[in-house]
Amino acid sequence: MMLRGGISKVLGGSSVAEGLRGVSQRGARSFSSSVFSWGNGDDGQLGQNSIDKSGLRNHYIETTPIVVPGLEGQDVVDVACGFKHSAAVTADGRVLTWGKVESNLLGHDAGGMTDHCLHPRIVSEGLENVKAKQVVAGENHTAILSDSGDLFTWGWGGSFFSGAGALGVGDTDGRPHPTRVLIGGDEEIKLKKISAGKNHMIALGMENEVWSWGRGENGRLGHGGNSDCLEPYPVELFWDLDVKIVDIACGHSFNLALDSDGKVWGWGKNDQSQLGLGGGISMDVYAMEDMPRQLESLDEKKIVKVGAGAAHAVAVTDKGEVYSWGMRLWMEPHLMSALSGERIVSVDCGNGVSACLNDAGQVFTWGKGYNARQSGVLGHGDTSRHAQPELVQALASTPIKKVTCGNRHILALSGMPQK
Numbered sequence: 048m049m050l051r052g053g054i055s056k057v058l059g060g061s062s063v064a065e066g067l068r069g070v071s072q073r074g075a076r077s078f079s080s081s082v083f084s085w086g087n088g089d090d091g092q093l094g095q096n097s098i099d100k101s102g103l104r105n106h107y108i109e110t111t112p113i114v115v116p117g118l119e120g121q122d123v124v125d126v127a128c129g130f131k132h133s134a135a136v137t138a139d140g141r142v143l144t145w146g147k148v149e150s151n152l153l154g155h156d157a158g159g160m161t162d163h164c165l166h167p168r169i170v171s172e173g174l175e176n177v178k179a180k181q182v183v184a185g186e187n188h189t190a191i192l193s194d195s196g197d198l199f200t201w202g203w204g205g206s207f208f209s210g211a212g213a214l215g216v217g218d219t220d221g222r223p224h225p226t227r228v229l230i231g232g233d234e235e236i237k238l239k240k241i242s243a244g245k246n247h248m249i250a251l252g253m254e255n256e257v258w259s260w261g262r263g264e265n266g267r268l269g270h271g272g273n274s275d276c277l278e279p280y281p282v283e284l285f286w287d288l289d290v291k292i293v294d295i296a297c298g299h300s301f302n303l304a305l306d307s308d309g310k311v312w313g314w315g316k317n318d319q320s321q322l323g324l325g326g327g328i329s330m331d332v333y334a335m336e337d338m339p340r341q342l343e344s345l346d347e348k349k350i351v352k353v354g355a356g357a358a359h360a361v362a363v364t365d366k367g368e369v370y371s372w373g374m375r376l377w378m379e380p381h382l383m384s385a386l387s388g389e390r391i392v393s394v395d396c397g398n399g400v401s402a403c404l405n406d407a408g409q410v411f412t413w414g415k416g417y418n419a420r421q422s423g424v425l426g427h428g429d430t431s432r433h434a435q436p437e438l439v440q441a442l443a444s445t446p447i448k449k450v451t452c453g454n455r456h457i458l459a460l461s462g463m464p465q466k
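The working numbering applies: residue 48 is where the sequence shown begins, and numbers increase by one.
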């Protein structure tokens, strides 16, 4: 396995935290945020200009966070992890992608590389005169939301045998470059947040309505049934109940939504209790909810953030507490007592791993640190499992404002988190 030293070595002995502390002295935006990556980089998703594989399993891994060199000086404001690729958005609205060159994931020609794009490259075609503000990455696609609320997608469109992809453009043809997606067929309908699953997406509209599209298997679209949907369609139950949604999160084959009263709703696949509805251990691989259901066990809590992974989920209360459920470990939300004393403000989930930020911008991770595809993904300098949340020591003095989990890697963006 290829391991590297601590962050100070990568930064040539300097500290990103020192640069951030200097902002108050030098004035706002006098620095560019740094992006850190760690975990499995077999497909170039770490952006480290290398995939020097080694070890018995012949993998390239980084067990501690290291700076993504191609993003230094870029003033990054958002990052996203997919299954085999990564993406970033800069303050001036440019989009950069890197990782596996397949299924039109990257939205550019990868500089002529045929297998892996090892460093961030700008996505230009299809985004002329578009300023991106958010980027998300699914297993087979990438999407951005512009500052005017318009959605653009690219990647794999679907197939006869595998069903619909998540592009939302009305057919199953792949798109090599960003393509505008009309919401409800109306150019006037705008969005304020998007989220990507394996082969589906959900979006939050300006009127707090929820839209979904893509693969319908396991009821993940929330339309009732398992049918695919090639274009964005509203999750009508929220309209019918006059429920206003304020946050959304896509898991692999399920979704979570947070309403204006701090209540959590879930729908889609539920074979590992990833919806947190209780009912005891089930071995039913077809267990699902094809319409949103409220997580009643959290009724006494006000939830402010939610995260969804491959088969588990995490939620944060207004008091900074963290609850987790799924993976057949907890059928209902379970308090992560190891984080008592921390005020958590943000969470995200990957494939068996979770990450969160406290109000000081420190990163905590836990979950499956080692399997055939997730070596070192927790960032603790080893390939062990960590069942309880632990501070990522390599970033302890570097304020982080966003941490995002992919299938087998994690990205972190420096800066102070929103509280």
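Beta carbons are placed, not taken as given, at the ideal position from N, Cα and C, and that holds for glycine. These numbers come from a predicted model, not from an experiment.
Q. Are the beta-carbon atoms belonging to residue 33 and residue 231 less than 8 Å from one another?
A. Since the first residue shown for the chain is 48 and the last is 466, residue 33 is missing from the structure and cannot be characterised.
Q: Tell me, to the nearest whole angstrom, how far the beta carbon of residue 389 is from that of residue 423; I am working on the premise that it is less than 8 Å.
A: Indexing the sequence shown from 1 puts residue 389 at position 342. Indexing the sequence shown from 1 puts residue 423 at position 376. Taking 8 Å as the upper bound for CB-CB distance, residue 389 and residue 423 are not in contact here, some 23 Å apart.
Q | Cβ-based neighbour list, residue 479, same chain, cut-off 8 Å, excluding 5 preceding and 5 following | A | In the structure as shown, the chain begins at 48 and stops at 466. Residue 479 is therefore absent and cannot be evaluated.
Q.
For residue 159 and residue 184, what's the separation of their Cα atoms in angstroms?
A. Start at 1 with the first residue of the sequence shown, and residue 159 comes out as number 112. Start at 1 with the first residue of the sequence shown, and residue 184 comes out as number 137. Here the alpha carbons of residue 184 and residue 159 stand approximately 22 Å from one another.
Q: Could you give the DSSP three-state label for residue 398: helix, strand or coil?
A: The count along the sequence shown starts at 1 and reaches residue 398 at position 351. In the structure shown, residue 398 sits in coil (DSSP, three-state: anything other than H, G, I, E or B).
Q: May I ask which residues mark the beginning and end of the beta strand (DSSP E) holding residue 413?
A: What you label residue 413 is simply residue 366 of the sequence shown in a count that begins at 1. Residue 413 -> beta strand (DSSP E) spans 410-414.
Q) Can you give the Cα-Cα distance for residue 446 and residue 235, rounded to whole angstroms? A) Walking along the sequence shown from the start, residue 446 turns up at place 399. Walking along the sequence shown from the start, residue 235 turns up at place 188. Residue 446 and residue 235 have their alpha carbons spaced roughly 38 Å apart.
Q.
Contact between the region 286-295 and the region 260-274 is defined here as three or more beta-carbon pairs at a separation below 8 Å; is this criterion met?
A. no
Q) Which stretch, first to last residue, makes up the alpha helix (DSSP H) that contains residue 285? A) Here residue 285 refers to the residue found at position 238 of the sequence shown. Start and end: 283-287.
Q | Run of the beta strand (DSSP E) containing residue 168, from where it starts to where it stops | A | In the sequence shown, counting from the first residue as 1, residue 168 sits at position 121. 163-170 is the extent of the beta strand (DSSP E) around residue 168.
Q. Does the pairing of the region 319-326 with the region 247-255 give three or more beta-carbon distances under 8 Å?
A. no
Q) Helix, strand or coil for residue 339 per DSSP? A) As a first step, residue 339 must be located in the sequence shown, where it is residue number 292. If DSSP states are grouped into helix, strand and coil, residue 339 belongs with the strands.
Q.
Counting C-beta neighbours from all protein chains within 10 Å, is the total for residue 176 16 or more, i.e. buried, or is it exposed?
A. As a first step, residue 176 must be located in the sequence shown, where it is residue number 129. Counting Cβ neighbours within 10 Å, residue 176 comes out exposed, since fewer than 16 surround it.
Q | Inter-residue Cα distance where the pair is residue 90 and residue 215 | A | Position 43 of the sequence shown holds residue 90. Position 168 of the sequence shown holds residue 215. Using only the alpha carbons, I get a separation of about 26 Å.
Q: Using the Cα positions of residue 340 and residue 438, report the straight-line distance between them to the nearest angstrom.
A: Within the sequence shown, the letter at position 293 stands for residue 340. Within the sequence shown, the letter at position 391 stands for residue 438. Near 33 Å, if we compare the C-alpha coordinates of residue 438 and residue 340.
**Q.** In DSSP terms, what residue 369 is bridged to
**A.** Here residue 369 corresponds to residue number 322 of the sequence shown, with the count starting at 1. The partner list for residue 369 (beta bridge, DSSP) reads 363.
(Q) If distances are taken between C-alpha atoms only, which option among 307, 162 and 299 comes closest to residue 32? (A) With the chain covering 48 to 466 only, the question about residue 32 has no answer from this structure.
Q: State whether the region 79-98 contacts the region 377-396, with contact taken as three or more CB pairs (one from each stretch) at a distance under 8 Å.
A: no
Q) Rounded to a whole number of angstroms, what is the C-alpha to C-alpha distance between residue 468 and residue 132? A) Since the first residue of the chain shown is 48 and the last is 466, residue 468 is not available in this structure.
Q | DSSP three-state assignment for residue 138, whether helix, strand or coil | A | Numbered from 1 along the sequence shown, position 91 holds the residue referred to as residue 138. Here residue 138 sits in coil by DSSP.
Q) Can you name, in chain order, every residue of its own chain whose Cβ lies under 6 Å from the Cβ of residue 204, other than the five neighbours on each side? A) Looking up residue 204 in the sequence shown gives position 157. Sequence-distant Cβ neighbours of residue 204 in its own chain, meaning closer than 6 Å and more than five residues away, are 212, 214, 219, 220 and 221.
Q. Between the C-alpha atoms of residue 455 and residue 85, what's the straight-line distance to the nearest angstrom?
A. Numbered from its first residue, the sequence shown carries residue 455 at position 408. Numbered from its first residue, the sequence shown carries residue 85 at position 38. For the pair residue 455 and residue 85, the Cα-to-Cα distance works out to about 9 Å.
(Q) Please state the DSSP three-state secondary structure of residue 97. (A) Taking the sequence shown and counting its residues from 1, the one referred to as residue 97 is at position 50. DSSP places residue 97 in coil when its eight states are reduced to three.
Q | Residues near residue 193 by beta carbon distance below 8 Å, same chain, minus five either side | A | To locate residue 193, count along the sequence shown from 1; it is residue 146. Cβ neighbours of residue 193 beyond the five flanking positions: 140, 177, 178, 179, 180 and 199.
Q | Whether residue 385 touches residue 302 by CB criterion (8 Å) | A | Taking the sequence shown and counting its residues from 1, one reaches residue 385 at position 338. Taking the sequence shown and counting its residues from 1, one reaches residue 302 at position 255. No, these two residues do not count as a Cβ contact at 8 Å.
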